[in-house]
Amino acid sequence: MKTKRPFFAAATLMAAAFLCFAFTTNEKVNMVDEGPSGTAYAVTWQNSSGYWFAVGPVQALWAGEKTEEKALEYVVGSKAKKAKKMKYKDTCGKFKVYNLGVDYESYDTDALKYARKKGYDCSWP
């Protein structure tokens, strides 16, 4: 019985050490990284099945919508809806870009940066 306790203690310590190192990353977190600034945009695109996807200051859609208007409704946010200044800007390949007529808040999603990950390659806006 006495030999089991030290073995159990050693096994517990090794497991704890493993868990500490297994879930530790070497990435440095930049706590002063600012969010997007300037004019807020929304970007929409249609997939091969005909569903519309959008990304805007509020969120990026993971599930498509049947209409572009519905997709935009989810991503533009209340500030842009109240301002009622959203304007179609231009098309870049499969992407449509909308100027929302308001500025980004520091906590908003940068729609153009997100769209670039999806293949948006225009240099404007």
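Just add 17 to the spot in the sequence shown (first one is 1) and you have the numbering used here.
We treat Cβ as the ideally placed atom computed from N, Cα and C, and that holds for glycine.
None of the values given here were measured: they were computed from a predicted structure.
(1) Please list, in chain order, all residues of the same chain as residue 130 whose beta carbon is under 8 Å from its beta carbon, the five residues on each side excluded.
(2) If we count the other Cβ atoms within 10 Å of its Cβ and call it buried at 16 or more, is residue 94 buried or exposed?
(3) Using the Cα positions of residue 71 and residue 107, report the straight-line distance between them to the nearest angstrom.
(4) Identify which residue in 136, 96, 80, 137 has its Cα closest to the Cα of residue 120.
(5) Measuring alpha carbon to alpha carbon, tell me which residue in 140, 65, 105, 111 is nearest residue 58.
(6) Could you tell me which residues DSSP puts in a beta bridge with residue 69?
(7) What three-state label does DSSP hand residue 92 in the structure shown?
(8) What residue does the alpha helix (DSSP H) around residue 131 start on, and which one ends it?
(9) Given a threshold of 16 other Cβ atoms within 10 Å of its Cβ, counted over all protein chains shown, does residue 124 qualify as buried or as exposed?
To lay it out plainly:
(1) The residue labelled residue 130 in the question sits at position 113 within the sequence shown. Same-chain partners within the cutoff: 53.
(2) Here residue 94 refers to the residue found at position 77 when the sequence shown is read from its first residue. Per the 10 Å Cβ criterion, buried.
(3) Here residue 71 refers to the residue found at position 54 when the sequence shown is read from its first residue. Here residue 107 refers to the residue found at position 90 when the sequence shown is read from its first residue. Each residue's Cα considered, the two are about 15 Å apart.
(4) To locate residue 120, count along the sequence shown from 1; it is residue 103. Between residue 120 and the set 136, 96, 80, 137, the nearest pair of CA atoms involves 96.
(5) Taking the first residue of the sequence shown as position 1, residue 58 is located at position 41. Taking only the C-alpha atoms, the option nearest residue 58 is 105.
(6) Residue mapping note: residue 69 aligns to position 52 of the sequence shown, counting from 1. Under DSSP, the beta-bridge partners assigned to residue 69 are 63, 82.
(7) As a working mapping, residue 92 is identified with position 75 in the sequence shown. Assignment of residue 92 by DSSP, reduced to helix, strand and coil, places it in the helix class.
(8) Taking the first residue of the sequence shown as position 1, residue 131 is located at position 114. It spans 128-134 - the alpha helix (DSSP H) in which residue 131 sits, taken as one unbroken run.
(9) As a position in the sequence shown, residue 124 is number 107, starting the count at 1. Answer is exposed; the Cβ neighbour count stays below 16.
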